[in-house]
Amino acid sequence: MRVNTGRHVVVVGTQWGDEGKGKVVDWLTDHAQGVVRFQG
Numbered sequence: 595m596r597v598n599t600g601r602h603v604v605v606v607g608t609q610w611g612d613e614g615k616g617k618v619v620d621w622l623t624d625h626a627q628g629v630v631r632f633q634g
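Here the sequence shown stands for residues 595 to 634, numbered as in the numbering used here.
Okay, here's the thing in structure tokens:
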């Protein structure tokens, strides 16, 4: 039996406003099977 351990990537911003997170997340969405976004 083979177990796929997977990989998780978390992008966290500590500043308000545009700090480049959008470009990183946009690139990650092209290479990921699933994407979860939270804004709160």
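Glycine included, each C-beta is placed from N, C-alpha and C at the ideal position.
Annotation for Val629: Val619, Leu622 and Thr623 place their beta carbon closer than 8 Å to its own, counting only its chain and skipping 5 residues before and after. With a cutoff of 9 Å on beta-carbon distance, Ala626 and Val606 are scored as not near each other. Inter-residue distance for Gly616 and Gln609 is about 13 Å (C-alpha atoms, whole angstroms). Counted as a single uninterrupted DSSP element, the alpha helix (DSSP H) harbouring Val618 occupies residues Lys615 to His625.
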